[in-house]
Amino acid sequence: MLRHPSVQFLAFAAFIAALVAIVSAGFEVRGMSIREDSIGEVARTDIKATRDFEFVESDEAATESARIKVSNSVPPVFDWQEGLAAQMRERTNTAFSSMRQALAARARAYLEANQPALYERLAQETATHDSPQSWLEPIASTRLINWSHELRDEFFDIHINAELSEATFEVFAAEGFSERAQGVVENVIGRVLSNMIVRDMSTLDRHQGQGIYLRRLRGEKLLIVYYITDIREKFVPLARAETLVQKSADEVLANNRSREFRRALIATVSLLVRPNITYNEAKTVEKREAARHAVKDVVVRESFRKGQVVIESGGIITERQYRIVQEMLQEGAFFNRAQVVSGITLLVLLLVGALFVFGRRNLRHFRPSAKDIVFTSTTMVLMLFLIWLGGALFDTLGEQLEWSNAQAWYFLIPVASAGMLIRLVLNNEHAVVFTIIFSALVGMITDSSLYMMFFTLVGTLVGIGAVQQVKHRMALMWSGLWVGAANVAVVLALILLEGELFQLDTLHTMLFAFASGVFSGFFVLAVLPLFETVFGYTTDIKLLELANLNHPLLRELIMRAPGSYHHSMMVGSLSEAAAEAVGANPLLCRVGSYYHDIGKAKNPQYFAENQRLGENPHDKLKPNMSALIIKAHVKDGLEMARQHRLPLELQDFIAQHHGTSLISYFYHRAKSMEDPDISTVDEKDYRYPGPKPQSRETAICLLADGTEAASRALPDPTPARLKGLVQRMINKAFTDGQLDECDLTLKDLNSIAEAFNRTLKGIYHHRPEYPEQKKRTPRQTPATGTAQPASQPPPRGRQADAAKTNESKKTPTREVPAADSSSDVWEITKERVESMQRDADVDGNNDSGDSRATSKSKGADTDDSQKGRESLPRLGPG
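Right, here's the structure in full:
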């Protein structure tokens, strides 16, 4: 789907849109605007007016001052409870009446029991009208007092709601709480509460000059509101209420009662009198708030002309200057924002396009596929978003927690992890191009910070170099330490540029920078498996896991085909050394070589390295059937790889490690056995299906595979013979066209040859002869009948099997050509190797009869299909 042009265009547009959205989210045009957190800092440049405008602002301090003044000028509000006197009289009436009724009931019961005649007379007198006082008159005062004490709690105190003294209570009790005494008390209460009594005059005294509002109430009903200024003349404090009571008592009694009654009257009324003037705070606040809101804002106006300096460079940015700049940018904000977004879009397009084109034209290994571009774009967008999110979070926390230097926390973000991730998945070229683009965008996101751009660039490049050859997971941790050290060095350089070395924030910033590097290593280690799974990449970490020899496929190979397993290990060593020599991926070569022959585990007995001496199932098969079985190990290996979900990179090693090379032994055997009456043998039936190696790593595996197999048949593996063998094997693969579709150069082939020579010399190094070996007599080899040194091993299984096969077949007596050294399915015979050493490339088809000239001509080109390559110069040092 990604190959369709319209899909690619949409994906690219979405990528650019995402970058522009992230970058422009917190981007401010330098020189035009300032951030709110810049208040109190030194302005680095002049900020000038972009247009003519008038700055209109309400002076909050002056407005608040005016509102406070108006609010304080509003008089307080007081309530006058006119019905308080009626309430007090009602309570007095209830208390006295209850006591009279209760005492009268006691008196009737007493008289009925003790003075029946008097009881009958009083009963007749009160039959028409109930008069409790009539029943109380015959009762002695002492008895009334005693009864009153018994009835006080239930009938008096509960109603009067005042604690009268014993003496006062007994004065009223002696009279039986008469209606006359009750009337006197109520009269005095009414006279006293007709005055405006306030609890404390100090509240009113504060407003002597401005007056007060007095609300006249009857219950909850508002009768009228007065505005009173002569406060001292109108109001009486509660402390003077007793004087009013005494005056009123004198006016009411007029010497008609005893002194005891007068004292009781004054004491009772004094207890019952309450302030009838109270301060109403809620209404006061309501009136003052209404007055505050009625005050209009105090407005300050200032005009600016286009080009006029609003904030001078080097000056301290104030809150008012910040508001002026925001006002200046408010009009036409959409147009200004559109300019910013357009500029960012153009800059991102130029940055991405220029570096992409430069990489394609000038960097050899910068050839990103559609999947690589999607992976790189996704990584860039996600990491930029995380950086933007982290910056926004640090800014918010800095404002709330009042950090002195919130921007120092930016250095805690693991910015180097993005480039490290790209390098682990792709290569150096992709990672460097990514880092340059990424660093520039990080600088734009973080307030156009050139320092942050350098911090990201240097740290990421160091991280890329640190993860180039990851041999184990801890290498990522060590790479994080290297990045942290580089980050500290960059921050130190930036601090020195600012001249702020000896400050407390310096240590914090350097610690944050080092922690950023460490976090980068942990972050890459954490997200790498996710990216491997989502995008289907095989990183070095994944290869390290697959290199474990306990993998089920390798365990099956060593159990069923131990010879093929050992061969794969040797091929892995050769491939790794060659890959290091030419700058390919050594780990991929080694692990790919481990798995390249896993298909042989299905039919191990058909491959010479797994056969027992004297047992060769191919003796009973026709050549074409043997060739089919041999070729099937590629298909079987791919099926096993897919079942175990091996990465595609390792599946390429299985499919391409033979390319389209010829299975020479069975092809020549078929040629020697062909019937003149049937069609000639088709060479295509004896070639592997391919494809040819598509990468340098699979090509190295092909060369190492053939070289390792051929070296096993070398009778005397001296350094010179090994060198010649390596030379011929590489020449053979080259002239056969097996390296046409990979990008190995002649220089690379020379380096590969040298690496093979070094490795093979280490494998077949010279060993000294021991005394018991020297005493042995030479023995004859079965194949040639010539003497063989005692230290030379006997012919191997394939050689003996080949000789046995040649003797048993009833075919013409001409010699069957030996197995081609480029194939690992049939071992090269000793005679063939010696012949190859004497004469570079002897074609097996030269033994064919003249009657098959056509077949002979065709066979002559089997290994060297292009005549232009026959004169290929020798590879490797002479």
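The numbers in the numbering used here rise by one with no breaks, and the one at position 365 of the sequence shown is 935. Backbone N, C-alpha and C define an ideal beta-carbon position, used for all residues, glycine too.
DSSP state of residue i mapped onto helix, strand, coil
i: K1426; result: Below a pLDDT of 50, predicted positions are generally treated as unreliable, and K1426, at 35, falls in that range; no measurement from the model is reported.
i: L589; result: helix
i: D649; result: strand
i: R1257; result: strand
i: V758; result: helix
i: Y797; result: strand
i: S939; result: coil
i: T738; result: helix
i: R869; result: According to the sequence shown, residue 869 is Val rather than Arg. Here V869 sits in strand by DSSP.
i: S628; result: strand
i: T1288; result: coil
i: Y783; result: strand
i: P1263; result: coil
i: R844; result: coil
i: R1239; result: helix
i: V822; result: helix
i: A807; result: Correcting the residue type first, residue 807 is Pro in the shown sequence and not Ala. If DSSP states are grouped into helix, strand and coil, P807 belongs with the strands.
i: F747; result: coil
i: F623; result: strand
i: Y1107; result: coil
i: L792; result: strand
i: F1177; result: coil
i: V768; result: strand
i: L1232; result: strand
i: K1112; result: helix
i: Y849; result: strand
Buried or exposed (CB count within 10 angstroms, at least 16 for buried), residue i
i: P1099; result: exposed
i: R1402; result: Since pLDDT at R1402 reaches only 41, below the 50 mark, its modelled position is unreliable, and no value is offered.
i: M1299; result: buried
i: K1262; result: buried
i: K1192; result: exposed
i: F1304; result: buried
i: F928; result: exposed
i: F1101; result: buried
i: E1146; result: buried
i: R810; result: exposed
i: S939; result: exposed
i: N684; result: exposed
i: E1278; result: buried
i: I886; result: exposed
i: K1201; result: buried
i: P1447; result: Low local confidence applies: a pLDDT of 36 at P1447 is under 50, so the model's placement there is unreliable, with the coordinate-based value given in what follows. So P1447 counts as exposed.
i: F747; result: buried
Test item: CB-CB of residue i and residue j under 9 angstroms
i: I1333; j: M1044; result: no
i: A674; j: Q694; result: no
i: V1032; j: A1056; result: yes
i: I1168; j: L919; result: no
i: S764; j: A677; result: no
i: P1285; j: L1330; result: no
i: M1082; j: V1003; result: For clarity, residue 1082 is Phe in the given sequence; the question names Met instead. Result no, Cβ atoms of F1082 and V1003 do not sit closer than 9 angstroms.
i: A1171; j: M1210; result: yes
i: H1000; j: T1076; result: no
i: N849; j: P708; result: The sequence given here places Tyr at residue 849; Asn does not occur at that position. Against a cut-off of 9 angstroms, the Cβ pair of P708 and Y849 comes out as no contact.
i: V1152; j: R1266; result: yes
i: I767; j: R659; result: no
i: V1012; j: I957; result: yes
i: L1064; j: F1025; result: yes
For residue j and residue i, believed in contact at Cβ under 8 angstroms, the rounded distance
i: L784; j: V795; result: 7 angstroms
i: G1091; j: M1047; result: 5 angstroms
i: S1134; j: S1163; result: Wrong, their Cβ atoms sit about 12 angstroms apart, outside the cutoff.
i: A1010; j: M1023; result: 6 angstroms
i: V895; j: D616; result: 12 angstroms between Cβ atoms; not a contact.
heavy atom of the ligand ATP below 8 angstroms from residue i C-beta
i: I1128; result: The ligand content of the structure shown is nil, which means the ligand ATP is not present either.
Self-check item: Cβ pair count under 8 angstroms reaching 3, the region 1285-1296 against the region 1144-1161
Solution: no
Self-check item: Cβ contact (3+ pairs, closer than 8 angstroms) linking the region 728-740 and the region 792-806
Solution: no
Quiz item: Using 8 angstroms as the Cβ pair cut-off and three pairs as the minimum, do the region 1221-1230 and the region 1113-1124 touch?
Solution: no
Quiz item: Do the region 765-773 and the region 627-644 make contact, defined as three or more Cβ pairs closer than 8 angstroms?
Solution: no
Self-check item: Inter-stretch contact (C-beta, 8 angstroms, three-pair minimum) for the region 724-738 and the region 659-668
Solution: yes
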